[in-house]
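Peer 1: Protein sequences, first through last, are from chains A and B. Per the working numbering, the very first residue in the first sequence carries number 78; after that it's consecutive. Per the working numbering, the very first residue in the second sequence carries number 148; after that it's consecutive.
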Amino acid sequence: MMLRGFRRAKGTFGVRNRLIVMSSVCCANSFVEQIAVHDKNAVPIIHQHGCNHIGNDRDQVLRTLVGVCNNPNVGGILLIGLGCEGIGVKDILSGIDTENKIVKSIIIQEMGDKEDIIEHGKDYLREINEHLSMQESEEFNLSNLVVGLECGASDPFSGITANPAVGLVSDKLVQAGATVILAEIPEMIGAEEALSEMIDNQEVKKELFSRIREYVKLSRKYGCDLLGVNPTPGNIESGLSSIEEKSLGCITKGGSSKIQEFVKYAERPKSKGLVVMDTPGNDPESITGIVAGGAHVILFTTGLGTPLGNPVAPIIKIASNNRVYTHMKDYLDINAGEIINGMNISVVADRIFEFLIKVCSGEKTASERNHCREFAISRTGPTF
Amino acid sequence: MSYPQLLKYIIILNKKDNVGVALKDIPVGTYLLDCDGRELQVTIKEEIRAGYKISLQHIKQNDMIYKYRHVIGAAQTDIKPGEKVHIHNMSSLVKNDAQRI
């Protein structure tokens, strides 16, 4: 199947031609906002990081910022830095592949004058917009697509309607040669036997299981045993009988394919097919990492509803039940609650897939129409 | 007298599963359930709430319970077709002990 998109580096294509204005460090956030406000196309990306992290933590933050810039949906970038920050504009620039992408930057401490900074920012935005408007979309194969999966604000129906329907979509994407990223490692705790059957590569199995164990140990260190407390009394009250069942309810979004690779947070997968990324269960952090890993679109299942969006990737919201689809209709796209009414799960899966193709062709999701652009980088260490 | 099909109330997530999940509350009553090619009459004595599991087969004590084609626990007693399956008659295989992690 062929789609249309914007050519980027190394044979990748974007389904959007985003112009992002991004801070390299928290201290530059206000200038990002004050410059981006002058252009209705510009998407501001601000965050709370960029300095005083060390070791793996610094690597992870840098990898995420670079990964967001390298996402194929991004066509133009204006980076705003302070100058003295630990993760500088130069560090980010050196990681960006600029083929078919226009990148500009401003360093506040170098320019100094506030008016100069704003005017330069506006000039750069004009230049980037001119460049973007000249780029035409081209055909590309569905096998180039990277789709991320997330479940958030779940309810007892999430694991029996929306997630299994997404699982069928994942299977279809994998069969077409595309890449599907499953994540949220804490939501895999207890499902190791099932995961074992989904992984042939022993190295991948070893790394993933080791990471699941680390999350359990970490939770105990901070006073809450994620293995011991699940399923919670609320889960049990709603019919979940074991932690295996609860975790499988989440993992089922990934479908029935074998897991090919386990990648770090914000790392771009090398494999096609189903891959797992090391992200926490926290939705903004998980999605930020998946998008930094190159995801074009996110399939997000929800039982209670959430407006959550992303600055770079459209998020398709799939409701697990009819009540939330009506009550939170402003934030949702597809109703998998129809399964409760008797609709065949494969019909719902077809609807999700068809909408995914439309979104890739330019149709906006609810999260895009609402201008929801949450961005949160997952950290592993303290700030010094 | 024709009884309603239990299948209309439940979802079976994978053909390997021996439990289905109620999509709607299942009222007390008699239902028909296709079990191993035979149509059984099943009596639901206590309302089964949406989200709860129902056995699709004759499950023996210690048999594995399958949902999403994977094991989610083991039967603690014999379980008849149409019977509710939950923490009162099945348990997790994942042991929460310090040595395991």
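Note that beta-carbon positions come from the ideal geometry of N, C-alpha and C, so glycine has one too.
What whole-angstrom Cβ distance do residue 212 of chain B and residue 218 of chain B have, given they're in contact under 8 Å?
Peer 2: Indeed, because the Cβ distance is near 7 Å, the residues count as touching under 8 Å.
Peer 1: Would you mind telling me which residues of chain B sit closer than 9 Å to residue 417 of chain A, beta carbon to beta carbon, in chain order?
Peer 2: Per Cβ cutoff of 9 Å: 158, 170, 171 and 197.
Peer 1: Taking three-plus beta-carbon pairs below 8 Å as touching, is the segment 183-193 of chain A in contact with the segment 150-161 of chain A?
Peer 2: Touching, yes, given that three or more Cβ pairs across the two stretches are closer than 8 Å.
Peer 1: Among the residues of its own chain, which have a CB less than 6 Å from the CB of residue 104 of chain A, if the five just before and after it don't count?
Peer 2: Once the five neighbours on either side are set aside, the close Cβ partners of residue 104 of chain A are 159.
Peer 1: State the Cα-Cα distance for the pair residue 246 of chain B and residue 324 of chain A, rounded to the nearest angstrom.
Peer 2: Residue placement at residue 246 of chain B cannot be trusted, given a pLDDT of 46 that sits under 50; what the coordinates show is reported in the next sentence. Rounded to the nearest angstrom, the two C-alpha atoms are 21 Å apart.
Peer 1: Between residue 374 of chain A and residue 92 of chain A, is the Cβ-Cβ spacing less than 8 Å?
Peer 2: In contact: residue 374 of chain A and residue 92 of chain A (Cβ atoms closer than 8 Å).
Peer 1: Interface residues of chain A around residue 237 of chain B at Cβ under 9 Å?
Peer 2: Per Cβ cutoff of 9 Å: 318 and 319.
Peer 1: Buried or exposed, going by whether 16 or more other CB atoms sit within 10 Å of the CB of residue 140 of chain A?
Peer 2: Buried, since its Cβ has 16 or more Cβ neighbours within 10 Å.
Peer 1: Please look up how many angstroms separate the CB atoms of residue 382 of chain A and residue 354 of chain A, rounded, as I've assumed it's under 8 Å.
Peer 2: Not quite, the Cβ-Cβ distance comes to about 24 Å (not below 8 Å), so this is no contact.
Peer 1: Buried or exposed, going by whether 16 or more other CB atoms sit within 10 Å of the CB of residue 459 of chain A?
Peer 2: Its Cβ having fewer than 16 others within 10 Å, residue 459 of chain A is exposed.
Peer 1: Would you mind telling me which residues of chain A sit closer than 7 Å to residue 215 of chain B, beta carbon to beta carbon, in chain order?
Peer 2: 325 and 329, listed in chain order.
Peer 1: Is there contact here, the segment 326-333 of chain A with the segment 281-291 of chain A, by at least three beta-carbon pairs under 8 Å?
Peer 2: Because the criterion of three Cβ pairs below 8 Å is not met, the segment 326-333 of chain A and the segment 281-291 of chain A do not touch.
Peer 1: Taking Cβ positions, are residue 173 of chain B and residue 416 of chain A nearer each other than 8 Å?
Peer 2: For residue 173 of chain B and residue 416 of chain A, no; Cβs fall outside 8 Å.
Peer 1: Taking only three categories from DSSP, how would you classify residue 245 of chain B?
Peer 2: Caution is warranted here: a pLDDT of 44 is assigned to residue 245 of chain B, below 50, making its placement in the model unreliable, and the coordinate value is therefore given only provisionally. DSSP places residue 245 of chain B in coil when its eight states are reduced to three.
Peer 1: Provide the residue(s) that pair with residue 221 of chain B in DSSP beta bridges, ordered along the chain.
Peer 2: Note: residue 221 of chain B sits in a beta bridge opposite B:211 and B:238.
Peer 1: I'd like to know whether the C-beta atoms of residue 153 of chain B and residue 180 of chain B end up nearer to each other than 8 Å.
Peer 2: For residue 153 of chain B and residue 180 of chain B, yes; Cβs fall inside 8 Å.
Peer 1: Below 8 Å on C-beta distance, what does residue 240 of chain B contact in chain A?
Peer 2: By Cβ distance, chain A contributes 270, 319 and 321.
Peer 1: Given this structure, state the Cα-to-Cα distance separating residue 349 of chain A from residue 249 of chain A, to the nearest angstrom.
Peer 2: If I take the Cα positions, the gap works out to 13 Å.
Peer 1: Does the beta-carbon distance from residue 201 of chain B to residue 167 of chain B come in below 8 Å?
Peer 2: Yes, Cβ-Cβ distance for residue 201 of chain B and residue 167 of chain B is below 8 Å.
Peer 1: Where residue 133 of chain A and residue 101 of chain A are concerned, what is the direct C-alpha to C-alpha distance, given to the nearest angstrom?
Peer 2: Looking at the two C-alpha atoms, the distance is approximately 17 Å.
Peer 1: 8 Å is my cut-off, CB to CB: does residue 200 of chain B come that close to chain A?
Peer 2: For residue 200 of chain B, the answer is yes, since a Cβ of chain A falls inside 8 Å of its Cβ.
Peer 1: How long is the line joining the alpha carbons of residue 361 of chain A and residue 453 of chain A, rounded to whole angstroms?
Peer 2: For residue 361 of chain A and residue 453 of chain A, the distance between alpha carbons rounds to 5 Å.
Peer 1: Taking 6 Å as the limit between beta carbons, can you name the residues of its chain near residue 437 of chain A, skipping five residues before and five after?
Peer 2: For residue 437 of chain A, where only same-chain residues beyond five positions count, the Cβ hits under 6 Å are 80 and 92.
Peer 1: Decide if residue 190 of chain A is buried, meaning its Cβ has at least 16 other Cβ atoms within 10 Å, or exposed.
Peer 2: It is exposed - the Cβ of residue 190 of chain A has fewer than 16 other Cβ atoms within 10 Å.
Peer 1: Measure the CB-CB distance between residue 94 of chain A and residue 279 of chain A and report whether it falls below 8 Å.
Peer 2: Against a cut-off of 8 Å, the Cβ pair of residue 279 of chain A and residue 94 of chain A comes out as no contact.
Peer 1: From what residue to what residue does the alpha helix (DSSP H) around residue 402 of chain A run?
Peer 2: Where residue 402 of chain A is concerned, the enclosing alpha helix (DSSP H) stretches over 399-404.
Peer 1: Identify, in the order they occur along the chain, each residue of the same chain with its Cβ nearer than 6 Å to the Cβ of residue 222 of chain A, setting aside the five sequence neighbours on each side.
Peer 2: Same-chain partners within the cutoff: 255 and 373.
Peer 1: Grab me the residues of residue 266 of chain A's own chain with a C-beta within less than 8 Å of its C-beta, minus the 5 sequence neighbours each way, in chain order.
Peer 2: Closer than 8 Å at Cβ, skipping near neighbours: 289, 292, 293, 303, 304, 307, 320 and 324.
Peer 1: Which of the residues in the segment 226-243 of chain A, read from start to end, lie with their CB under 8 Å from any CB of chain B?
Peer 2: Answer set for the segment 226-243 of chain A: 233, 234, 237, 238 and 241.
Peer 1: What residues in its chain sit with their C-beta under 6 Å from that of residue 377 of chain A, if we drop five residues either side in the sequence?
Peer 2: Cβ neighbours of residue 377 of chain A beyond the five flanking positions: 227, 392 and 394.
Peer 1: Taking residue 237 of chain A as the reference, give the member of B:150, B:199 and B:191 with the closest Cα.
Peer 2: If we check each option's Cα against that of residue 237 of chain A, B:199 comes out closest.
Peer 1: Got a sec: is the Cβ-Cβ distance from residue 191 of chain B to anything in chain A below 8 Å?
Peer 2: So, not an interface residue.
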